[in-house]
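Chains as they are written, first to last, in our numbering: chain A, 1 to 146; chain B, 147 to 433.
From the three backbone atoms N, C-alpha and C, an ideal C-beta is built for every residue, glycine too.
Every value quoted in this text rests on a predicted model; they were computed, and no experiment measured them.
Read the structure below first, then the notes.
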């Protein structure tokens, strides 16, 4: 007679490790589809890449026909959570939401011409050979302000 | 099991994230468990704690670090184990698998990331991350002027109104050599731990589980001061260990890990009068 482990015993031993595998697999998928940082999301990619959420650069510009005005959204405490989310996973929806918030807060030139809001996230890449640190474009939105 | 639950409660008290809806209930639960120990022998106590962790962590899933996920799995595993006929054995199996899988995915990312295997990630880290500064100075020969330059260069790139897309950093041949050595060492160590912990049964490489995880804990955390991750691994290592000596080792690591926060590099530098007068000892940042 062979001894077969019961379903209950299997669940007790393997359900939590299986949960880890599912979350980590989701993190790998999201790192593709939403540029999720390897350091975040439960996939254990910490200390594997420079592309850490905190080091991702957020640049935000109000662009008119004649000028390009950089805006610092991090000065607004209320946007800190949205900015952290964007740095972890810069989806179009989040970038657009930040663009809307920025437009709401700065005075957009009204007279004539067009104006656009440009929000972009860049990730760092280091080339040891010539010691150069690059800020590579990861995601952006560029849309009219009205 | 009682020591494992005590370690876990201490872990929860010391290392839980600062969201109020997480910190307050978890602190109360942990204190209750430490004061009235029979509570910690109830699966429901751990499922309640896990529920608080899961709710807070799901709400902030893209912000929290990986060891917070591991901590949540650990708490869930304790709850599940207490429902089983053999709690110690079930918890040991869970912890072995969780440690093995955690390291397996860590190795996956090391191979998958374009900037790890060529050494550039660790080279950059050694030249810019304050937690690694002492090692970079003493072993890699990267002086404080290199750190100062690199700090300014990174800040220039990160300025909100910057139009730069690249900057030049300064490095040292020693730091690059150290980065390459650490790259190979990390991949070898993490692969070995993953293999040993996922190896079925207790023969073969499984016999070296505790030695390998112990070596990882002793060699990694003095350099990368991510104490919370060390605590989680030490507690889980303790829970799965079969020998008395291994348990004693994990317990000692758990208790002594905070010593790694001592800025040994700066202490040594001051001892050798290398720092200018008035320099302040800084404690490494935690995650």
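message: If I measure Cβ to Cβ from residue 240/B and keep anything under 6 Å in the same chain, skipping five residues before and after, which residues do I get?
response: Here residue 240/B refers to the residue found at position 94 when the second chain is read from its first residue. The answer, listed in chain order, is 223.
field: Continuous beta strand (DSSP E) stretch holding residue 406/B: start and end
entry: Position 260 of the second chain holds residue 406/B. In the DSSP assignment, residue 406/B falls outside any beta strand (DSSP E) and carries neither an H nor an E.
Simplified DSSP state of residue 58/A, which is helix, strand or coil: Looking up residue 58/A in the first chain gives position 58. Of the three classes helix, strand and coil, the one that applies to residue 58/A here is strand, per DSSP.
message: Whether or not the segment 327–347 of chain B and the segment 169–189 of chain B are in contact is what I'm after, with contact meaning three or more pairs of Cβ atoms, one per stretch, closer than 8 Å; do they touch?
response: Short answer: they don't touch.
- prompt: Got a sec? Which residues, its chain only, sit under 7 Å from residue 433/B by beta carbon, not counting five neighbours each side?
  reply: For the purposes of this step, residue 433/B is taken as the residue at position 287 of the second chain. Because residue 433/B sits at a pLDDT of 39, beneath the cut-off of 50, its placement in the model cannot be relied upon, and the point is left open.
query: Name the chain A residues that come within less than 8 Å of residue 289/B, Cβ to Cβ?
result: Mapped onto the second chain, residue 289/B falls at position 143. Near residue 289/B there are no residues of chain A at all, since even the closest Cβ is about 15 Å away, more than 8 Å.
task: Counting only the same chain and skipping the five closest in sequence on each side, list residues whose C-beta sits under 6 Å from that of residue 322/B.
output: In the second chain, the residue the question calls residue 322/B occupies position 176. Here residue 322/B has 269 as same chain residues with Cβ atoms under 6 Å from its own Cβ, once five neighbours each way along the sequence are excluded.
query: When the cut-off is 7 Å and only beta carbons count, does residue 17/A lie next to chain B?
result: As a first step, residue 17/A must be located in the first chain, where it is residue number 17. Chain B places a beta carbon closer than 7 Å to that of residue 17/A, counting this residue as a contact.
query: Between the C-alpha atoms of residue 162/B and residue 156/B, what's the straight-line distance to the nearest angstrom?
result: Locating residue 162/B in the second chain gives position 16, counting from the first residue. Locating residue 156/B in the second chain gives position 10, counting from the first residue. Cα to Cα, the separation comes out at about 10 Å.
message: With a threshold of 7 Å between beta-carbons, can residue 90/A be considered close to chain B, or not?
response: For the purposes of this step, residue 90/A is taken as residue 90 along the first chain, with counting starting at 1. Taking Cβ atoms only, chain B never reaches closer than 7 Å to residue 90/A, which makes this a no.
message: Restricting to Cα atoms, I'd like to know which of 350/B, 389/B, 396/B is closest to residue 362/B.
response: The residue labelled residue 362/B in the question sits at position 216 within the second chain. Taking only the C-alpha atoms, the option nearest residue 362/B is 396/B.
- prompt: Roughly how many angstroms separate the alpha carbons of residue 206/B and residue 167/B, rounded to a whole number?
  reply: In the second chain, the residue the question calls residue 206/B occupies position 60. In the second chain, the residue the question calls residue 167/B occupies position 21. Whole-angstrom Cα-Cα distance: 12 Å.
- request: Just grab the DSSP bridge partners of residue 140/A for me.
  value: Numbered from 1 along the first chain, position 140 holds the residue referred to as residue 140/A. Residue 140/A is bridged to 120/A.
- request: Pull up the distance between the alpha-carbon of residue 135/A and that of residue 305/B, whole angstroms please.
  value: As a position in the first chain, residue 135/A is number 135, starting the count at 1. As a position in the second chain, residue 305/B is number 159, starting the count at 1. Cα to Cα, the separation comes out at about 12 Å.
- request: Have a look at 27/A, 14/A, 33/A and flag the residue whose alpha-carbon is nearest the alpha-carbon of residue 92/A.
  value: Looking up residue 92/A in the first chain gives position 92. Its Cα nearest to that of residue 92/A, the residue 33/A stands out among 27/A, 14/A, 33/A.
- request: List the residues of chain B whose Cβ lies closer than 7 Å to the Cβ of residue 13/A, in chain order.
  value: Mapped onto the first chain, residue 13/A falls at position 13. Under a criterion of Cβ atoms nearer than 7 Å, the residues of chain B adjacent to residue 13/A are, in order, 236, 239, 240.
query: Who are the neighbours of residue 135/A on chain B, taking C-beta pairs under 9 Å?
result: In the first chain, counting from the first residue as 1, residue 135/A sits at position 135. Residues of chain B passing the Cβ test: 303, 304, 308, 310, 311, 312, 313.
message: I'd like to know if residue 87/A contacts chain E, where contact means its C-beta is closer than 7 Å to some C-beta of that chain.
response: Here chain E cannot be found, since the structure's protein chains are A and B.
message: Let me check one thing: in DSSP terms, what residues is residue 134/A bridge-paired to?
response: On the first chain, residue 134/A is found 134 positions in, with the first residue counted as 1. DSSP output for residue 134/A lists 125/A, 312/B as bridge partner(s).
- prompt: Does residue 33/A come within less than 7 Å of chain B when only Cβ atoms are used?
  reply: On the first chain, position 33 is the one that residue 33/A refers to. Not one chain B Cβ lies under 7 Å of residue 33/A.
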